[in-house]
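Scroll down for the structure; my scribbles are underneath it.
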Amino acid sequence: MSFAAKFPGFRLRLTRWGLIFLVAVLVLGFAAMNAGNNALMALLGLALASYVVSGAWSRQVLGKIEITAKLSGEFFAGRPALAEVEISNRSKLLPAYGLVVRDAEGQALLCEALLPPSSTRRRAVEVVFEDRGWRDLGPWRLEVLLPLGFFLKSKELLRDTQVLVYPRLLRHSSIEALQGGGGRSDDGFVDGGREGDVVQLRPYRDGDDRRQLHWKQTARQQRPIVVDRQKRAERPVYLVVDPRVQDPEDPEIRARFEHMVSEVATGAVHRLGRGESVGLVVGRALVTPVRSPSRAARLLRPLAEVEPLPADAPAPTHRLDGPWLAFSAESST
Amino acid sequence: MIYRRLTGLLLLWAILPLPFLYIVIPPFWLAAGAVSLLLLLRPKWTIRLSPLVQNLLGVIIVIMVIAVGGARVGPLRPLGQLLLLLVSVRSLLVSDRRSFLRVLPALFLMWLVSVTASTHIVVVFYFAASAALWWWIGMQVHLLGVAAEVIDPDRPRSEWLVRPVHAFTAAVLAVLLAVPVFVVMPRLRSPWVAGRGGTESVTGFSDRVQLSGVGTIRESQQEALVIRSPGGETIEKDWTRLRATAFERVTEDSWAPRRVEAEAPVEDGLIRLHPGIGDLEDTVELSILLQRPDRYLFLPKGSVALESREAVQIDPAGGVTLTERPRGSFSYTVWVTRGEPPRRADPPRRGGPRFDSNPEILRLAREITSGVMGAAAMAETIEDHLRNNYSYSLQGMARIGPDPVSWFLLRSKQGHCEYFAGGMVALLDALDVPVRMVGGYSGGAASSGGDEVVVREANAHTWVEVWLGADRGWQAYDPTPSSGLPGFGTTGPRLRLKFAWEWVQATWDRYVLTYGLGEQLQLLSSLAAVLDGLIRGIDLKRSLVLVLVVATGWILLRVARRAQLRFPRARRRQPPAARAVERLALRLGRAGVELPEGATMRTIGERASTRWPPAAAEVSELVRLAELEMYSPEPGAQQREVRRLWSELRRGMRAARAQ
Chain A
1 MSFAAKFPGF
11 RLRLTRWGLI
21 FLVAVLVLGF
31 AAMNAGNNAL
41 MALLGLALAS
51 YVVSGAWSRQ
61 VLGKIEITAK
71 LSGEFFAGRP
81 ALAEVEISNR
91 SKLLPAYGLV
101 VRDAEGQALL
111 CEALLPPSST
121 RRRAVEVVFE
131 DRGWRDLGPW
141 RLEVLLPLGF
151 FLKSKELLRD
161 TQVLVYPRLL
171 RHSSIEALQG
181 GGGRSDDGFV
191 DGGREGDVVQ
201 LRPYRDGDDR
211 RQLHWKQTAR
221 QQRPIVVDRQ
231 KRAERPVYLV
241 VDPRVQDPED
251 PEIRARFEHM
261 VSEVATGAVH
271 RLGRGESVGL
281 VVGRALVTPV
291 RSPSRAARLL
301 RPLAEVEPLP
311 ADAPAPTHRL
321 DGPWLAFSAE
331 SST
Chain B
1001 MIYRRLTGLL
1011 LLWAILPLPF
1021 LYIVIPPFWL
1031 AAGAVSLLLL
1041 LRPKWTIRLS
1051 PLVQNLLGVI
1061 IVIMVIAVGG
1071 ARVGPLRPLG
1081 QLLLLLVSVR
1091 SLLVSDRRSF
1101 LRVLPALFLM
1111 WLVSVTASTH
1121 IVVVFYFAAS
1131 AALWWWIGMQ
1141 VHLLGVAAEV
1151 IDPDRPRSEW
1161 LVRPVHAFTA
1171 AVLAVLLAVP
1181 VFVVMPRLRS
1191 PWVAGRGGTE
1201 SVTGFSDRVQ
1211 LSGVGTIRES
1221 QQEALVIRSP
1231 GGETIEKDWT
1241 RLRATAFERV
1251 TEDSWAPRRV
1261 EAEAPVEDGL
1271 IRLHPGIGDL
1281 EDTVELSILL
1291 QRPDRYLFLP
1301 KGSVALESRE
1311 AVQIDPAGGV
1321 TLTERPRGSF
1331 SYTVWVTRGE
1341 PPRRADPPRR
1351 GGPRFDSNPE
1361 ILRLAREITS
1371 GVMGAAAMAE
1381 TIEDHLRNNY
1391 SYSLQGMARI
1401 GPDPVSWFLL
1411 RSKQGHCEYF
1421 AGGMVALLDA
1431 LDVPVRMVGG
1441 YSGGAASSGG
1451 DEVVVREANA
1461 HTWVEVWLGA
1471 DRGWQAYDPT
1481 PSSGLPGFGT
1491 TGPRLRLKFA
1501 WEWVQATWDR
1511 YVLTYGLGEQ
1521 LQLLSSLAAV
1531 LDGLIRGIDL
1541 KRSLVLVLVV
1551 ATGWILLRVA
1561 RRAQLRFPRA
1571 RRRQPPAARA
1581 VERLALRLGR
1591 AGVELPEGAT
1601 MRTIGERAST
1611 RWPPAAAEVS
1621 ELVRLAELEM
1631 YSPEPGAQQR
1641 EVRRLWSELR
1651 RGMRAARAQ
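As they're listed, the protein sequences go chains A and B.
Sequential numbering from 1 applies to the first sequence in the working numbering.
Sequential numbering from 1001 applies to the second sequence in the working numbering.
In structure tokens, the structure reads:
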């Protein structure tokens, strides 16, 4: 394995103590040479040997530490989320002391006092992304100072780990105020299965769900009777996002666009929470309605990935089977 | 609090050797000890001193150090005392990491003084333990630094403690690695610091004693030579007085022989040491093995003939010297008389004073020999006087001035054999009696059979020969007191133990304390000799075969390693229990039991249990282990356990067949 592969983004920084030690070794060497005192010579030997042992140890530790991050939850922009980080010492002999993992901004994310040989620890790390879209989790940096702190050695971790960050959820969304669309249709009914209102009792036919059997009537009439139920048809609402803006590069327009996307995402999450069926149109893409909050990712993903388009881009055109609400960075209806 | 404890520990450790070194007076190291114990045991008891009080304390300390002697006893002692007191006060003021780091260099310096001033062999253990302690402290301080930076300071820090075993292991590695560094570091002493080198006497004695500046050093127990009797005869004590030559002049401050040397006459392969004695009938043949031949061949008392495979010369005083220094050890044979040794009758040196005339020595000589007439009587009187009124000592040799003999006779009245012999020569010479000093070895350790004697460097000895006229020749006298005479005896376990310990001490003295450029050159020369021997002994064909074998092995290893990287063990091999079940399926096939395609392990197990009922329990266990291996995150079965199950299973199969 090449050095670059083993130590990606390797950095070596001489610490203040390292500098003091080097100067002290030079002074010691000069004194030993001059005085001919073999105790000084032995000390010089010990100092140089300690330098080598310390360097070899910290280098070995840096090479043998591996970190993997498990990102099981959802990440929303501006909202703290926990990433499960597994830090392992692959060395069979050397313990690792004083490991510090820092994020790209140099903030300490986690710190391990001692990681024994061939051991693994799991830690939860709080991460916050400010913007939506595909974001790099790293690069994080693993720093090794010990054993004797002459050098601060570090390498990059999690360089290619990307996270999809959903749009920021707003405390107060204008979507919430919009009550249009959604809910149940007043004029359409659909087969309710085991839900809905009882419409009739009828004899059992092949293919009927046996769980719909009405046992009392079956016993009374001495033939299988099933219950027919009906419920009002669902009326999904479509949230239509028009990504076209006058100038995608304009920061002000871009900020408005981001706010609009956040509003749509907030509205979608709230509606799903209320049990409504929500569909989504983002530019040319259509997401068929979903009802369960557990499937919110289907709506949030295109919202996380959408980018503002120039004004001459084609408008969203879809035949929708329900009411819709259109949103644009310029205006919303 | 942890920083105060660390400070206390380091201070205590630094002052540990001070009670044995005499560079700091007891009140000072006792005070420092009290401070360290206070820091260790009562770390919460902090002291805050204003800068004014601290400055005042500094002034008081300087006054105290000057009052107890100042720089009158050299610079090291007052500096050490000053440093210790200042470090003690600064240590008391440690309260946090910052103040600890400030006092750390001073603590290190104090420890450095203690280590560099120690010469006893025990310092090895102190040095090694210090390495471990410094490693532990270094790691601990950095770990606490990391903790302070990234962790909430209120969080308990019990988990932020370095395990001593890790620091100890690293320190051991560092110490081991320090040994070659110590050996190869160049010893090029600065011209303004390096002192005058010691002079080497022919006996090799003086340079082993005059280890200037390192205090009391005992002589080496290194083997100098071995005397053997090829005929198995017991070696007499007299024969262990081995003479190199006589020294009749003093140049600078060392003794020198007469340089007039002549090629030794060889008759019938033998060198006759006393031309008048040609008959070797009443003599004993002795073989002598010189471990490190330098110049002289050492001849037992009563030697009459010598056989040497190297060319030798004989000086006027009867010393036999090698014309070329041989490599390695050197063996020669001598014949010694059983009875009275032959008279040595070479005439004494004429002309030229050997010493600067010293009226005090003349006065002392006259005082000792007052009323005594005749050379023999004078010699006996002076010999007795020196034996009875002077004491034997190996200490204090570092203070020898430009005239060591006068210093010995008139001032110190103590010294080793070289001083006693030199003193007797000076006294008799002042009285115009021809006299000379003889160097060689005396005594040794005889084997239990008595036919072998090991003579060590510690047996190096000097004595005196006095000219008693042409009829009596040179007579030997030994003014060294009996306490300083190297002994002669058999080697028992106690003596062996003593020799072993003294060997350790001598090795410590020679290869650690006084290890220098000479030893480095010697080491280099030995390595060159070994290399030379290796190169000469190399057989080209065999070497080629060896290189080919090594190269092939290396290539195979690389290929295997690459294959291992590409196909990890888990992919290449199934776990042991699953493999055993597969083998079981094969056995079933051979036994005529049909298995459905894609049979599960349980199916295989069921069929096997039906086929071999006595092995049903083992089969069931094997299937359970295989399922655990394949489907459970827990670690699978051990190879040994599966092997045991398989062998029991086979017994069950055999039992089934027998039924």
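C-beta: ideal position from N, C-alpha, C; glycine also.
Everything numeric in this text was worked out from a predicted model, so none of it was measured.
Top-ranked residue by Cα proximity to residue i, from the options
i, options, result
"A/SER359", "A/ALA304, A/LEU93, A/TRP17 and A/GLY275", "One cannot answer for residue 359 of chain A here, as it falls past the ends of chain A, which runs 1 to 333."
"B/LEU1104", "B/ALA1170, B/ILE1137, B/ALA1128 and B/ILE1066", "B/ILE1137"
"B/LEU1495", "B/GLY1444, B/ASP1539, B/TYR1515 and B/VAL1464", "B/GLY1444"
"B/ARG1643", "B/GLY1592, B/TRP1135, B/ARG1579 and B/THR1369", "B/ARG1579"
"A/LYS216", "A/LEU201, A/PRO310 and A/LEU43", "A/LEU201"
"B/ARG1349", "B/LEU1485, B/LEU1531, B/LEU1299 and B/PRO1434", "B/PRO1434"
"B/GLY1439", "B/VAL1464, B/ILE1368, B/GLU1641 and B/ALA1458", "B/VAL1464"
"A/ARG229", "A/ARG194, A/PHE257, A/SER154 and A/ALA255", "A/ARG194"
Residue(s) in a DSSP beta bridge with residue i
i, result
"B/THR1337", "B/THR1283"
"B/HIS1461", "B/GLY1440"
"B/GLY1415", "B/TYR1392"
"B/TYR1022", "BP columns for B/TYR1022 are empty, so no partner."
"A/PHE75", "A/VAL165"
"B/ILE1271", "B/VAL1266 and B/LEU1306"
"A/GLY133", "A/VAL165"
"B/ASP1294", "B/ASP1294 pairs with nothing; no bridge assigned."
"A/ASN89", "A/ILE65 and A/SER119"
Contact under 9 Å by Cβ, residue i with residue j
i, j, result
"A/PRO167", "A/PHE76", "yes"
"A/GLY267", "A/PHE151", "no"
"B/LEU1322", "B/SER1308", "yes"
"A/SER277", "A/ARG235", "yes"
"B/TYR1003", "B/SER1095", "yes"
"B/LEU1113", "B/LEU1083", "Inspection of the sequence shows that residue 1113 of chain B is occupied by Val rather than by Leu. It is a contact, given that the beta carbons lie within the stated cut-off."
"A/LEU142", "A/LEU99", "yes"
"B/LEU1544", "A/VAL53", "no"
"B/TRP1474", "B/ALA1256", "no"
"B/PRO1164", "B/ALA1131", "no"
Inter-residue Cα distance where the pair is residue i and residue j
i, j, result
"A/VAL282", "B/VAL1141", "57 Å"
"B/LEU1242", "B/LEU1409", "26 Å"
"B/ARG1399", "B/GLY1423", "The predicted position of B/ARG1399 is uncertain, since its pLDDT is 48 and thus under 50; a value taken from the coordinates is nonetheless stated next. Taking the straight line joining both Cα atoms gives about 17 Å."
"A/LEU14", "B/PRO1180", "26 Å"
"B/LEU1645", "B/ALA1585", "16 Å"
"B/GLY1033", "B/ALA1171", "26 Å"
"A/LEU300", "A/TRP324", "17 Å"
"B/ARG1571", "A/VAL85", "Residue placement at B/ARG1571 is poorly supported in this model, since its pLDDT is 48, which falls under 50; the coordinates still yield a value, given next. Cα to Cα, the separation comes out at about 27 Å."
"B/ILE1235", "B/MET1378", "33 Å"
"A/MET260", "A/HIS172", "12 Å"
"B/VAL1193", "B/ARG1411", "For B/VAL1193, the predicted model reports a pLDDT of 43, less than 50, meaning its position is unreliable; a value from the coordinates is still stated below. Distance between the alpha carbons of B/VAL1193 and B/ARG1411 is about 29 Å."
"B/ILE1555", "B/GLN1574", "27 Å"
"B/VAL1334", "B/VAL1550", "52 Å"
"A/VAL245", "A/ALA4", "44 Å"
"A/SER72", "B/PRO1596", "42 Å"
"B/ARG1651", "B/GLU1629", "24 Å"
"A/LEU309", "A/PRO302", "14 Å"
"B/GLY1069", "A/ALA42", "31 Å"
Q: Please determine if the stretch 1104-1119 of chain B and the stretch 1084-1091 of chain B are in contact, where contact requires at least 3 C-beta pairs separated by less than 8 Å.
A: yes
(Q) Check whether the stretch 84-103 of chain A and the stretch 61-76 of chain A are in contact - that is, three or more C-beta pairs closer than 8 Å. (A) yes
Q.
With three or more beta-carbon pairs closer than 8 Å as the criterion, would you say the stretch 1304-1312 of chain B touches the stretch 1273-1282 of chain B?
A. yes
Q.
So, does the stretch 1467-1485 of chain B touch the stretch 1384-1391 of chain B, judging by three or more C-beta pairs under 8 Å?
A. yes
Q) How about the stretch 1011-1026 of chain B and the stretch 317-328 of chain A: do they share at least three Cβ pairs that are nearer than 8 Å? A) With the cut-off at 8 Å, the stretch 1011-1026 of chain B and the stretch 317-328 of chain A do not touch.
Q: Examine the Cβ distances between the stretch 1160-1170 of chain B and the stretch 29-41 of chain A and report whether three or more of them are shorter than 8 Å.
A: no
Q) Does the count of Cβ pairs from the stretch 1314-1321 of chain B and the stretch 1341-1348 of chain B closer than 8 Å reach three? A) Taking 8 Å as the limit for Cβ pairs, the verdict is that the stretch 1341-1348 of chain B does touch the stretch 1314-1321 of chain B.
**Q.** contact_flag[the stretch 129-146 of chain A, the stretch 99-108 of chain A] where n(CB pairs < 8 Å) is 3 or more
**A.** yes
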